[in-house]
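Note sheet for the following structure.
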């Protein structure tokens, strides 16, 4: 028998789903959804195709006390859905700031899941940040709408490297004072 350690990360409830810390049992669904080229191409860090062991390493990092990024599963079991329909994270930055990152399984695109998750995370502000940032690729206007819907303000253009695309991709950067 193996017992998982509960890390110091809160569960954040929404009406349709909960944001909860990752657990090892999430690896299959994360690999299934993150392995989708459409998901990977809209992130900076998910490679496509996924190398063997990459999801296990990601989940292990996400569950350590020394992590620099808190990751939550969007768990829809309270609404008779799957245990994981996407991920959302906060990466710690200096000066009491963090960066929001998220992806949603394609079957849940355009259903309001991303907006609900970002809104819940911002309202809970579990790291007690003064400011949150986020950036999206310019060819993903739906994610830009999620951020503006949740009160983020446009900060400027930049570019970020996408592992799945093996290229620098233009981004829009947003900020929210808390």
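Numbering (UniProt numbering), first residue to last: 1 to 178. We put the beta carbon where it would ideally sit given N, CA and C, even for glycine. The structure presented is a predicted model; accordingly, all values stated were derived computationally and were not measured.
When DSSP states are grouped into helix, strand and coil, residue 123 belongs to the helix group.
For a cut-off of 8 Å, the C-beta gap from residue 118 to residue 85 is around 14 Å, too long to register as a contact. Going by beta carbons, residue 100 and residue 130 fall outside the 8 Å limit. A check of alpha carbon separations from residue 176 across 147, 163, 158 and 157 identifies 147 as the nearest. Scanning its chain for C-beta atoms nearer than 6 Å, with the 5 sequence neighbours on each side dropped, one finds around residue 143 the residues 136, in chain order.
By the Cβ-count criterion, residue 107 is exposed, with fewer than 16 other Cβ atoms from all chains shown falling within 10 Å of its own Cβ. Beta-carbon to beta-carbon, residue 102 and residue 114 are separated by about 6 Å, close enough to satisfy the 8 Å threshold. When secondary structure is reduced to three states using DSSP, residue 31 falls in the helix class.
Checking the DSSP bridge columns, you'll see residue 100 partnered with 90. Beta-bridge partners of residue 19 (DSSP): 12 and 74.
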